[in-house]
Amino acid sequence: MPILEIENLNCFYGNVQVLWDVSLKVEKSEIVALLGANGAGKSTLLNTIVGLVPPKSGSIRFMGEDIVNLSGSEIIERGISYLPEGGRLFPDMTIRENLELGAYPMKYWKSRKATLDMVFDMFPILKERQKQLARTLSGGEKQMLAMGRGLMSNPSLCLLDELSYGLSPLMASEVFDIVKKLREQGITVLLVEQNVRQTLEIADRAYVLENGRICLEGECCELIENDFIKTAYMGM
Ligand SMILES: Nc1ncnc2c1ncn2[C@@H]1O[C@H](COP(=O)(O)OP(=O)(O)OP(=O)(O)O)[C@@H](O)[C@H]1O
Ligand SMILES: [Mg+2]
Numbered sequence: 098m099p100i101l102e103i104e105n106l107n108c109f110y111g112n113v114q115v116l117w118d119v120s121l122k123v124e125k126s127e128i129v130a131l132l133g134a135n136g137a138g139k140s141t142l143l144n145t146i147v148g149l150v151p152p153k154s155g156s157i158r159f160m161g162e163d164i165v166n167l168s169g170s171e172i173i174e175r176g177i178s179y180l181p182e183g184g185r186l187f188p189d190m191t192i193r194e195n196l197e198l199g200a201y202p203m204k205y206w207k208s209r210k211a212t213l214d215m216v217f218d219m220f221p222i223l224k225e226r227q228k229q230l231a232r233t234l235s236g237g238e239k240q241m242l243a244m245g246r247g248l249m250s251n252p253s254l255c256l257l258d259e260l261s262y263g264l265s266p267l268m269a270s271e272v273f274d275i276v277k278k279l280r281e282q283g284i285t286v287l288l289v290e291q292n293v294r295q296t297l298e299i300a301d302r303a304y305v306l307e308n309g310r311i312c313l314e315g316e317c318c319e320l321i322e323n324d325f326i327k328t329a330y331m332g333m
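Counting in the numbering used here, the sequence shown runs without a single skipped number right up to 333 at its last residue.
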């Protein structure tokens, strides 16, 4: 059974349709990428999975159960963590406080020390700077903090929206390395990325959205050789 299964999803903002019959599957411990031009509907799809945008029709199943009518907090509780575009940290709180706020829902609050140690192992820089205010971090470090906070709710599925956006190539590579580490720990990842080459190198499978429709899907090792992908998304 796939960990996440979306079938024939249709979404509107007002009367404008943004997603058209979108179907996709993510298997446990896979990294699946969602690619597509600006405005294709990638963030809308992630927002729909976590209940921020109600779909007009279609189904979303997580671990076999329909999650379409659940609240955002119920969805987190089931094990989905969402890092929206731009992170959304609390700049005037310390790094440690930002992380602890991720230890939500309540049942994870008790185990937050152990989870915090796991996050510090993965991001040593956050451990070193735990008392510093979040606003003092560099862009790349803020992305690390956002990822760390997302892990504090012990997710089995992470939804990541443009984590490498605005990062130097070196920092972006570090972020991609961390995504691979998540898979090694058994955490499943669905990520939206503009950085197509690097994404196809680390992900297992990818879907391409164009104007709200899935126009291409496949194994990344094959897509990386695909002529359409090369011309449309890798500028070759
Ligand atoms: N809250 C909203 N209200 C109305 N229209 C919206 C809203 N959010 C997004 N849209 C529109 O829906 C379409 C898809 O937007 P979405 O943010 O999902 O695209 P995206 O693929 O994430 O793009 P980008 O790569 O630029 O982040 C766009 O035309 C956008 O203008
Ligand atoms: Mg987006």
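Every residue, glycine too, gets a C-beta built ideally from N, C-alpha and C.
Ile177 to Ala134 span [Cα, whole Å]: Here residue 177 corresponds to residue number 80 of the sequence shown, with the count starting at 1. Here residue 134 corresponds to residue number 37 of the sequence shown, with the count starting at 1. One C-alpha to the other measures close to 25 Å.
Any idea what DSSP makes of Arg226, helix, strand or coil? As a working note, residue 226 is residue 129 in the sequence shown. Here Arg226 sits in coil by DSSP.
Can you check whether the CB of Asn195 is closer than 8 Å to the CB of Ser154? Position 57 of the sequence shown, counted from the start, is the residue given in the question as residue 154. Position 98 of the sequence shown, counted from the start, is the residue given in the question as residue 195. Not a contact, by the Cβ cut-off of 8 Å.
Count the CB pairs spanning the stretch 297-308 and the stretch 144-162 that are closer than 8 Å, and state whether there are at least three. no
Just list the residues that DSSP pairs Thr285 with in beta bridges. Numbered from 1 along the sequence shown, position 188 holds the residue referred to as residue 285. Per DSSP, Leu254.
Below 8 Å on the Cβ atoms is my contact criterion, and I expect Leu297 with Leu320 to pass it. Report the Cβ-Cβ distance as a whole number of Å. Here residue 297 corresponds to residue number 200 of the sequence shown, with the count starting at 1. Here residue 320 corresponds to residue number 223 of the sequence shown, with the count starting at 1. Rounded, the Cβ-Cβ distance is 6 Å, consistent with contact.
Do Leu254 and Leu143 have their C-beta atoms within less than 8 Å of each other? As a first step, residue 254 is located in the sequence shown; it is residue number 157 there, counting from the start. As a first step, residue 143 is located in the sequence shown; it is residue number 46 there, counting from the start. Contact flag unset, no.
From Gly136, Ile299, Val129, pick the residue whose C-alpha is nearest to that of Leu116; which is it? As a first step, residue 116 must be located in the sequence shown, where it is residue number 19. Among Gly136, Ile299, Val129, the Cα nearest to that of Leu116 belongs to Gly136.
Heavy atom of ligand 1 within 7 Å of Tyr330 beta-carbon: Walking along the sequence shown from the start, residue 330 turns up at place 233. False, no ligand heavy atom lies under 7 Å from that Cβ.
Residue range of the unbroken beta strand (DSSP E) whose run includes Gly315: By one-based count along the sequence shown, residue 315 stands at place 218. 310-316 is the span of the beta strand (DSSP E), which, as asked, contains Gly315.
Rounding to the nearest angstrom, what Cα-Cα distance links Asp163 and Asn105 in this structure? Position 66 of the sequence shown, counted from the start, is the residue given in the question as residue 163. Position 8 of the sequence shown, counted from the start, is the residue given in the question as residue 105. Approximately 14 Å between the Cα atoms of the pair.
Alpha-carbon to alpha-carbon, Thr285 and Arg232: In the sequence shown, the residue the question calls residue 232 occupies position 135. In the sequence shown, the residue the question calls residue 285 occupies position 188. Each residue's alpha carbon lies about 29 Å from the other.
Within this structure, are the beta carbons of Thr191 and Leu230 separated by less than 8 Å? Start at 1 with the first residue of the sequence shown, and residue 191 comes out as number 94. Start at 1 with the first residue of the sequence shown, and residue 230 comes out as number 133. A contact, by the Cβ cut-off of 8 Å.
Alpha helix (DSSP H) containing Ile326: first to last residue? As a working note, residue 326 is residue 229 in the sequence shown. Here the alpha helix (DSSP H) through Ile326 covers 324-330.
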